[in-house]
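For the sequence shown, the numbering used here gives the first residue as 94, with consecutive numbering after it. For each residue, glycine too, the CB sits at the ideal point set by N, CA and C.
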Amino acid sequence: METSDKPEKNPDNFFRSLVHVARFFRSELVCQKRNVALFLLLIVAVSLVDFICPFLTQQLIDVAVPQKDLSVVLYYSGIIIASLIIASLLNLGVVRFAVVIKEKAVYGVSRRLIRHILAKDPAFFYQYQSGDIITRFTSDMNRIGDFFYDYVLFSVFYFMITVLFIVWLYYLNWILAVCICVFLVMHVVVAVIMYRPIIQNARIAQDKNSLQNDLILDILHGESDIKVYQQESAFFDRYKQKGSDVCQAQIRALWMRDASWSMLDRLSRITNVMPIIIGSVFICYQFANVTVGVMVAFIQIMYYCSRYVSYIAYTSLRGLFVIASIDRINELITAYPQKELPPVQVDQIPDSATIGFQDVTFTYPSGKKIFDRLNLTIKDGEKVAIMAPSGFGKTTFARLLLGLSDPDSGKIFFGEKEIHSIPHQFYLSYFSYVSQDSHLFRLSVRDNIEMGWHSHDDISFNAILDRLHIRDFIDALPQKADTVLNREGLTLSTGQQQRIALARALIRDPQVLVVDEFTSGLDRVTEEQILDDLLGLMKNQTIICITHSPNVANRMDRIILLHAPGDTDAGDDQGSGEPPGPVQ
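Here you go:
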């Protein structure tokens, strides 16, 4: 069961924040109904045993001691000690179930988050940087997990005990109970007053931490460029500024939280001594039938109550940090939701793999227009090279074709069908895509290749290794095809990485293969070998090759030169047996 993916309204007060937390963990708690039920049952048992101790203490002082009967004193003392031992053993069970519930709940939330991230529209990854996502997935998730354990679970435990104890206080002496409960209410008042500044500062600190992590990722990924262009000092200065911002934000946030905790702690100390002060006054004036036993029972109860109320209030203040984390996780879940995919109908199946762009216009968010009424046709089985200077839309062309970006206007056809009339996942099953930076996952070579298609066997796997001439180098790896990449210092050459990426693309036997600068960085010999393998394997299928290399382009049937809109001097459609013409 999953929680609703509708965005939650930001809690604007303390009590709404509690509902906010409960809704976030609702599905994880429902999935663990048995564990939660046993946890609550143990809490009730511990509460009842703890509840008995103050009553027995009162009886010991007011009944057994005045009788000066050792057997009666030992009787009550034995019951008190036994009840404390039983409560301790039951509490071990409470802790055990709390740990199980917490870990499974955190796993459930992280699984929910990953499921949504994997289904995101590509635009999601343009808006949210890797460093920000990592911060939310690690730091925010850890904070939520710890809070779930301390607040959602143990605060429930302490709240139930506190309620029972307060009822018992009224039973012992309602006048004394009212006086003492005033101080307990003050704990809640302090927590409510401090709510807004704490949560605001917590959100600021977390956002600044995400910006710092983005900079760290830039430094790690661009380490070579930083050294080549001698930008070490500049990036160090940038980090000093980001780090200083994080430091100051954390100081403000933690000071607000811990100052509130200090106030609650002092209130707790005052509350603990109030039964002695008020009870002593009542005894002196023989008021309200207060006995020494009642006063001692009050002291015991108030010790528990003040500690539990302080714990609840403190974890509530910590929870204000977590509210910001929950908001950030919910933001990732609800941003760019995946559209529901209807089942494929017979009339949605394309009749051919001919590709057509009809009056396609596309503009970057910056306002730069890349295509203005672009019209072209790529026939089924044709081998086409797309060439243009950097920044003139070669990769954008591929994204439009794959349905990863939408044109401002115009239509794109696959066969006789407009691509948006075909369910996207079904449409993509006709394609494979290889770029110069195709990612090899931290999985085995076999898994990296076989993820290219859901239906495969050892025969097809071995066949693709042989046809791309990569069996020899794979067999030379420590565990052959089961060798895990990016582990134990294992590195592959650029050519080897590209061949593995190409094997992943070709194992599905695609109708259309889109390759984007996939030979960039390869030497001429390796480039020619890969092209020979590719053209030999894709004789009857369509190849769309985005490239800067004339050598690669000349191996294709036709070359399409893209140019800027309005540049009538650039742009030819060249190919064997076809007259050149401008591409609009």
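Spatial neighbours of residue i in its chain, beta-carbon cut-off 6 Å, leaving aside the 5 residues before and after
i	result
Asp225	Ser303
Ala342	Ile297, Ala298 and Lys301
Gly582	Confidence in Gly582 is poor, its pLDDT being 47 and thus under 50, which makes the residue's placement unreliable; the coordinate value appears in the next sentence. Result list for Gly582: empty, nothing under 6 Å.
Asp214	Tyr429
Glu620	Thr612
Arg592	Leu561 and Ile563
Val339	Lys301, Asn302 and Gln305
Asn294	Arg345, Ala346 and Met349
Leu149	Tyr169, Ile172 and Ile173
Glu511	Lys504
Cβ neighbours of residue i in the same chain (closer than 7 Å, five flanking residues each side left out)
i	result
Gln679	Not covered by the structure: residue 679. The range shown for the chain is 94 to 677.
Phe328	Ile312 and Ile319
Lys335	Leu304, Gln305 and Leu308
Ala574	Ser537, Val538, Arg539 and Ile567
Under 8 Å between C-beta atoms of residue i and residue j
i	j	result
Ile82	Thr427	In this structure the chain extends from 94 to 677, so residue 82 is not present and cannot be described.
Ile259	Ser140	no
Phe217	Tyr429	yes
Pro443	Ile515	yes
Val142	Ser170	no
Val114	Ile419	yes
Gln572	Pro603	no
Ile154	Val385	yes
Gly212	Glu121	Going by the sequence as given, residue 212 is Ala instead of Gly. Their beta carbons are not under 8 Å apart, which means Ala212 does not touch Glu121 by this criterion.
Cys124	Gly201	yes
Phe391	Leu262	yes
Leu163	Met279	no
Leu135	Leu183	yes
Ala491	Leu533	no
Val618	Tyr523	no
Proximity to residue i [Cα-Cα], best of the options
i	options	result
Leu615	Leu177, Gln589 and Phe241	Gln589
Asn266	Pro368, Val193 and Val282	Pro368
Lys487	Ile376, Phe554, Leu655 and Ile623	Leu655
Ile653	Ser553, Gln622 and Ala478	Ala478
Leu570	Arg539, Gln151 and Asp551	Arg539
Phe132	Phe247, Lys632 and Ile512	Phe247
Ala556	Ser613, Arg617, Tyr378 and Asp626	Asp626
Glu610	Thr587, Arg592 and Ser642	Ser642
Ile210	Glu424, Asp559, Cys146 and Asp551	Glu424
Gln151	Val389, Arg205, Arg127 and Tyr221	Val389
Thr231	Leu493, Ile422 and Gln622	Ile422
Ile286	Gln324, Asp330, Ala352 and Cys274	Ala352
Val387	Tyr264, Gly315 and Leu558	Tyr264
Arg362	Tyr396, Ala157, Ser337 and Arg492	Tyr396
Ala138	Leu167, Lys126 and Leu185	Leu185
Ile194	Ser399, Ser223 and Arg119	Arg119
For residue j and residue i, believed in contact at Cβ under 8 Å, the rounded distance
i	j	result
Glu475	Asp650	6 Å
Val577	Ser531	The Cβ separation is near 18 Å, so there is no contact.
Pro500	Thr454	6 Å
Ser525	Leu599	7 Å
Leu277	Val402	5 Å
Asp445	Gly508	Before going further, note that residue 445 is Ser rather than Asp in the sequence given. That pair is a contact at about 4 Å.
Val645	Leu624	7 Å
Ile291	Met349	5 Å
Val129	Phe240	Incorrect: roughly 17 Å between the Cβ atoms, too far for contact.
Leu521	Leu561	In fact, because the Cβ distance is near 22 Å, the residues do not count as touching under 8 Å.
Ile639	Val608	7 Å
Ala191	Tyr242	6 Å
Ile394	Pro159	Contact doesn't hold; Cβ gap of about 22 Å is too wide.
Paired residues, beta bridge with residue i - DSSP
i	result
Lys462	Thr456
Gly449	Thr470 and Phe506
Tyr526	Val607
Ala478	Cys638 and Ile652
Val577	Ser537
Glu511	Phe506
heavy atom of the ligand SAH below 7 Å from residue i C-beta
i	result
Lys472	Because no ligand of any kind appears in the structure shown, any question about the ligand SAH cannot be addressed here.
Other residues of its chain near residue i: CB distance less than 8 Å, five sequence neighbours each side excluded
i	result
Val383	Asn266, Leu269, Gly372, Phe375 and Ile376
Gly545	Ser525, Ala596, Arg597, Ala598, Leu599, Ile600 and Arg601
Ser181	none
Cys272	Met367 and Ile371
Leu628	Lys476, Ile636 and Arg648
Ser203	Phe230 and Met234
Ile179	Val142
Contact with chain B by residue i, beta-carbon distance below 8 Å
i	result
Leu257	Going by chain labels, chain B is absent from the structure shown, which holds only one protein chain.
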